[in-house]
Amino acid sequence: MTPLQIPVEKWAGKVTEVKLGGNGRKDITIGGENTLPFLHFEGTFPHQPALAIEIQDMEPDWPADLLLSWGDAVKDPGQWARKAAEYGADIVALRLRSAHPEVENSGAEKAKRTVASVLEAVDLPLIVLGPEVAEKDNEVLLAVSEIGRGQRLALGNCTDKNYRAIAASCLANEHVAIAKAPTDVNLSKQLNMLLHEAGLPMSSVLTDPTTGALGYGLEYTYSVVERLRLSCLSGDEMTSTPIICTVGEESWKQKESRSSQDIPESWGAQERRAIIWESITSAILATAGADIVVLRHPRSVELIKEMNGKWLSMT
Amino acid sequence: MTGIEIYKYLPKTNCKKCGFPTCLAFAMKVAQKQAEISLCPELSPESRQFLEEASRPPIKLVSIGRDKKIETGNETVLFRHEKTFYHQPGLVIRIKDTESPGDAARRIREVSSYSVQRVGLDLTLDGFALDNESGNPASFLRLVETAVNNTDMPLVLMSPDTATMKLALDKTAQNRPLIYSATRDNWQDMAQLALDYHCPLAVSERESPGNLAELTERVIQMGVEDIITDPGADSFGNSVDLLTQLRRLAINKRCRPLGYPSITFPGDHASGPEDEALLAAQQIAKYAGIIVLDHFYPGIVYPLLTLRLNIYTDPQKPVKVAAGIYPINDPGNSDPLLVTTDFSLTYFSVAGEIQSCGFPSWLLICDTGGLSVLTAWAAGKFNAREIAKTAKQFGVNDYVNHNALVIPGYVAVIKGALEEEMAGWKILVGPREAMDIGNYLKRTWRENVL
Ligand code: SF4
Numbered sequence: 030m031t032p033l034q035i036p037v038e039k040w041a042g043k044v045t046e047v048k049l050g051g052n053g054r055k056d057i058t059i060g061g062e063n064t065l066p067f068l069h070f071e072g073t074f075p076h077q078p079a080l081a082i083e084i085q086d087m088e089p090d091w092p093a094d095l096l097l098s099w100g101d102a103v104k105d106p107g108q109w110a111r112k113a114a115e116y117g118a119d120i121v122a123l124r125l126r127s128a129h130p131e132v133e134n135s136g137a138e139k140a141k142r143t144v145a146s147v148l149e150a151v152d153l154p155l156i157v158l159g160p161e162v163a164e165k166d167n168e169v170l171l172a173v174s175e176i177g178r179g180q181r182l183a184l185g186n187c188t189d190k191n192y193r194a195i196a197a198s199c200l201a202n203e204h205v206a207i208a209k210a211p212t213d214v215n216l217s218k219q220l221n222m223l224l225h226e227a228g229l230p231m232s233s234v235l236t237d238p239t240t241g242a243l244g245y246g247l248e249y250t251y252s253v254v255e256r257l258r259l260s261c262l263s264g265d266e267m268t269s270t271p272i273i274c275t276v277g278e279e280s281w282k283q284k285e286s287r288s289s290q291d292i293p294e295s296w297g298a299q300e301r302r303a304i305i306w307e308s309i310t311s312a313i314l315a316t317a318g319a320d321i322v323v324l325r326h327p328r329s330v331e332l333i334k335e336m337n338g339k340w341l342s343m344t
Numbered sequence: 011m012t013g014i015e016i017y018k019y020l021p022k023t024n025c026k027k028c029g030f031p032t033c034l035a036f037a038m039k040v041a042q043k044q045a046e047i048s049l050c051p052e053l054s055p056e057s058r059q060f061l062e063e064a065s066r067p068p069i070k071l072v073s074i075g076r077d078k079k080i081e082t083g084n085e086t087v088l089f090r091h092e093k094t095f096y097h098q099p100g101l102v103i104r105i106k107d108t109e110s111p112g113d114a115a116r117r118i119r120e121v122s123s124y125s126v127q128r129v130g131l132d133l134t135l136d137g138f139a140l141d142n143e144s145g146n147p148a149s150f151l152r153l154v155e156t157a158v159n160n161t162d163m164p165l166v167l168m169s170p171d172t173a174t175m176k177l178a179l180d181k182t183a184q185n186r187p188l189i190y191s192a193t194r195d196n197w198q199d200m201a202q203l204a205l206d207y208h209c210p211l212a213v214s215e216r217e218s219p220g221n222l223a224e225l226t227e228r229v230i231q232m233g234v235e236d237i238i239t240d241p242g243a244d245s246f247g248n249s250v251d252l253l254t255q256l257r258r259l260a261i262n263k264r265c266r267p268l269g270y271p272s273i274t275f276p277g278d279h280a281s282g283p284e285d286e287a288l289l290a291a292q293q294i295a296k297y298a299g300i301i302v303l304d305h306f307y308p309g310i311v312y313p314l315l316t317l318r319l320n321i322y323t324d325p326q327k328p329v330k331v332a333a334g335i336y337p338i339n340d341p342g343n344s345d346p347l348l349v350t351t352d353f354s355l356t357y358f359s360v361a362g363e364i365q366s367c368g369f370p371s372w373l374l375i376c377d378t379g380g381l382s383v384l385t386a387w388a389a390g391k392f393n394a395r396e397i398a399k400t401a402k403q404f405g406v407n408d409y410v411n412h413n414a415l416v417i418p419g420y421v422a423v424i425k426g427a428l429e430e431e432m433a434g435w436k437i438l439v440g441p442r443e444a445m446d447i448g449n450y451l452k453r454t455w456r457e458n459v460l
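Quick note, the sequences are listed as chains F and S, same order. Under this note's numbering, the letters of the first sequence match residues 30 to 344, in that order. Under this note's numbering, the letters of the second sequence match residues 11 to 460, in that order.
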């Protein structure tokens with residue numbers, strides 16, 4: 030028998046490297062890999078997949094188990110960020126939930142204050158997420174953009190509705206835009222092209238493909254992430270931006286993560302189920318190509334860290 | 011192979027014995043997999059062998075068990091979006107013969123009766139791997155007997171000792187257990203057992219895919235047909251690497267000795283049940299055929315079964331839920347009524363939001379052939395007329411007394427037309443994104459409806 034040849038693909042492209050942080054703040058570089066996730070035999074992974082821990086600018090309406098794991102820290106974003114750092118976050122992801130028109134409709138001033146206090150509290154790179162209402166996102170993100178100048182904050186969400194303003198402000202203040210499109214390879218690519226035309230280099234863009242949690246559309250996100258990565262590796266720069274998935278948010282929304290009462294016995298113990306729900310969503314999207322996962326539960330962070338450590342050290 | 015390529019190997023006499031008018035017509039049907047090459051009696055033995063080889067699926071479908079079965083293999087792609095993944099990997103629980111017989115029996119019964127409902131389906135585990143951990147034949151046979159008496163699920167028999175394996179097969183062979191496994195030390199005896207007892211055989215060779223292929227080839231030469239490979243995928247460090255190599259070799263390179271499903275052991279180096287579950291999850295996506303779990307906790311198994319369902323959903327088929335009215339959180343007749351489309355992602359996003367905000371509501375689902383809100387609206391399948399028709403068809407008046415219907419924010423433009431179609435109804439424009447439904451219901455709905 031002729032000796033077996035292990036088939037190795039010669040990919041033409043690689044994931045664009047994006048740096049977050051810096052300018053006096055700890056920095057981290059995402060991306061750079063030139064093969065599909067986990068394929069040691071085919072390429073290199075210059076940077077670890079990154080773990081971001083989500084914090085909010087007000088007390089969150091989270092399930093009790095999840096709240097318990099953060100204690101009083103949830104009352105103060107700075108304190109919360111410090112605790113996230115202790116739990117091993119590579120990045121802190123601050124959600125400005127209070128800015129939502131149906132929550133507090135808070136504005137630019139509060140956003141600036143909160144971001145300043147978080148920047149003060151930790152030296153980790155920071156992601157700042159608006160309330161996901163395009164006009165409101167613009168209002169708070171543009172304000173925030175000015176105070177963290179040069180520290181390469183990742184600002185989201187940048188959509189086809191508000192990309193111009195966000196792109197301009199990322200350019201002016203040296204930040205990174207999180208480009209979010211609804212679970213579709215072409216829409217993500219188009220948004221990158223728009224940002225590119227607006228002058229933002231791909232090294233200042235992260236792609237959020239819109240995350241579906243386990244049991245709630247995960248397979249769509251999984252395949253979109255896989256297709257984006259294959260397209261990138263085949264040499265398309267407009268799909269080469271690192272991928273960020275807001276796993277914690279989607280996963281903890283679902284009944285499987287929230288309910289401890291009136292549920293079938295076959296669902297098993299609530300806390301274990303909820304953590305596994307979040308961790309599996311995260312592990313699977315990392316397997317498809319996610320470069321940053323945003324998580325909520327410290328135990329999920331621990332599990333995903335362990336997984337990353339094992340695959341990078343090949344143990 | 012294309013029809014023309016197949017045609018080259020046919021006798022070209024148009025004798026019609028295959029039941030088709032011409033050799034070419036037959037070749038076309040074979041290429042479309044609507045006829046078997048064996049229907050042509052005039053083929054030369056060389057052509058027959060060549061064509062049969064070429065038409066064989068790149069990964070063989072292997073079945074384990076008798077009444078309840080694990081069917082695994084027959085996959086044709088590396089990425090699910092290229093077509094679909096066909097046969098879900100079997101998830102089996104390992105029971106060791108070092109456990110007390112009482113514990114083993116209890117666990118086997120517990121796992122066998124475990125079932126969980128999701129999107130109208132009953133999800134279950136698939137069987138047991140019985141492990142001769144003790145090395146003692148008597149303990150193993152006791153465990154095998156316990157299993158036979160307590161479950162009708164498929165079994166994997168794990169013992170390196172061929173004499174012990176033979177005794178276990180005497181008790182279980184009629185149920186076609188998987189023999190685990192042939193190794194470089196015992197492959198002849200194990201392969202002989204597989205032939206004598208007509209059971210599928212696992213082949214373990216963890217040094218390299220090349221060595222694995224060599225050992226599998228030997229077992230094939232002995233006449234064993236149903237094979238499961240064990241490349242040693244047991245950690246985050248090697249699992250995707252090994253299983254990707256095997257799948258590429260089987261599908262892209264048509265490497266016959268590796269064209270079989272693989273068995274994996276995610277628990278072997280795990281730090282605990284959660285760590286094991288994450289590796290098992292990864293192996294569900296890439297590319298295990300049978301996954302042996304060391305732990306059974308419903309809180310872990312339910313997410314794994316859900317994942318398996320997600321990954322093995324056919325991405326080409328629009329996934330739909332049935333049209334109708336769905337009660338969420340136990341609604342009464344003064345609670346909100348919302349409408350959206352039958353695209354399953356849309357349905358699950360909306361239903362999930364309503365569920366998680368805890369607000370009792372009714373959700374009316376329109377049949378759009380599985381399109382999202384905007385796509386369905388653009389296609390004329392989610393307009394005022396269609397929504398009014400659906401509302402009437404399912405008798406919304408019987409469910410709510412407030413005559414108010416919430417439409418997705420994305421189709422705010424149809425509000426006027428829908429108010430005309432549904433006389434006496436108030437049409438409310440809800441949020442665009444499912445994510446905002448919770449806030450909308452809790453804060454805005456009540457005042458809007460009054
Ligand atoms: S039986 Fe064979 S030779 Fe005869 S028509 Fe069919 S394909 Fe041709």
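Ideal Cβ positions, reconstructed from N, Cα and C, are used throughout, including at glycine.
- Residue range 120-124 is occupied by the beta strand (DSSP E) that includes residue 124(F).
- Only exposed fits residue 23(S), as fewer than 16 other CB atoms lie within 10 angstroms of its CB.
- Short note on residue 314(S): C-beta not closer than 7 Å to any heavy atom of the ligand SF4.
- Within 10 angstroms of the beta-carbon of residue 238(F) lie 16 or more other beta-carbons, which makes it buried.
- About 7 Å separates the Cβ atoms of residue 126(S) and residue 296(F), confirming a contact at the 8 Å cut-off.
- Listed in chain order, the non-local C-beta contacts of residue 82(S) below 7 Å within the same chain comprise 72, 97, 99, 100, 271, 299, 300, local neighbours out to five positions each way being set aside.
- In the three-state scheme derived from DSSP, where H, G and I count as helix and E and B as strand, residue 168(F) is classed as helix.
- For residue 322(F), the enclosing beta strand (DSSP E) stretches over residues 321-324.
- At a cut-off of 8 Å between beta carbons, residue 305(S) makes no contact with chain F.
- In this structure, the straight-line span from the alpha carbon of residue 362(S) to that of residue 279(S) is close to 36 Å.
- Here residue 192(S) carries a strand assignment [DSSP, helix/strand/coil].
- Straight through space, the alpha carbons of residue 167(F) and residue 196(F) are spaced by roughly 11 Å.
- Contact between residue 130(F) and residue 320(F) does not hold, since the beta-carbon distance rounds to 32 Å and is not under 8 Å.
- When secondary structure is reduced to three states using DSSP, residue 309(F) falls in the helix class.
- Residue 436(S) sits in a strand when the DSSP states are folded into three classes.
- Looking at the DSSP output, residue 303(S) sits in a beta bridge with 103(S).
- Residue state for residue 243(S) is assigned as coil, using DSSP reduced to three classes.
- A check of alpha carbon separations from residue 343(S) across 397(S), 194(S), 235(S), 413(S) identifies 413(S) as the nearest.
- Relative to the ligand SF4, even the nearest heavy atom lies 7 Å or more away from the CB of residue 61(S).
- With a beta-carbon spacing of about 6 Å, residue 213(S) and residue 191(S) fall inside the 8 Å limit used to define contacts.
- The DSSP-derived three-state label of residue 81(S) is strand.
- Annotation: Cβ neighbours of residue 306(F) in chain S (cutoff 8 Å, chain order): 313.
- Note that the stretch 198-211 of chain S touches the stretch 165-183 of chain S; at least 3 beta-carbon pairs, one per stretch, sit closer than 8 Å.
- Look at residue 365(S): its C-beta is under 8 Å from a C-beta on chain F.
- At a cut-off of 8 Å, the C-beta of residue 244(F) has a neighbouring C-beta in chain S.
- The criterion of a C-beta distance shorter than 8 Å is not satisfied by residue 198(S) and residue 250(S).
- The shortest C-alpha to C-alpha distance from residue 218(F) to any of 271(F), 181(F), 50(F) is the one to 271(F).
- Secondary structure of residue 264(S) (DSSP, three-state): coil.
- It is roughly 29 Å from the alpha-carbon of residue 426(S) to the alpha-carbon of residue 365(S).
- Between residue 416(S) and the set 395(S), 433(S), 441(S), 400(S), the nearest pair of CA atoms involves 441(S).
- Residues 69 of the same chain have their beta carbon placed closer than 8 Å to that of residue 343(F), with the five preceding and five following residues left out of the count.
- Around the CB of residue 14(S), fewer than 16 other CB atoms lie within 10 Å, so the residue is classed as exposed.
- By the CB criterion at 8 Å, residue 394(S) and residue 381(S) fall outside the cutoff.
- The alpha carbon of residue 135(F) has as its nearest neighbour, out of 116(F), 113(F), 169(F), the alpha carbon of 169(F).
- Taking 8 Å as the cut-off, the beta carbon of residue 324(S) is found no closer than this to the beta carbon of residue 108(S).
- For residue 126(F), same chain residues with a beta-carbon under 8 Å away, outside a window of 5 residues either side, are 85, 86, 87, 89, 132, 160 in chain order.
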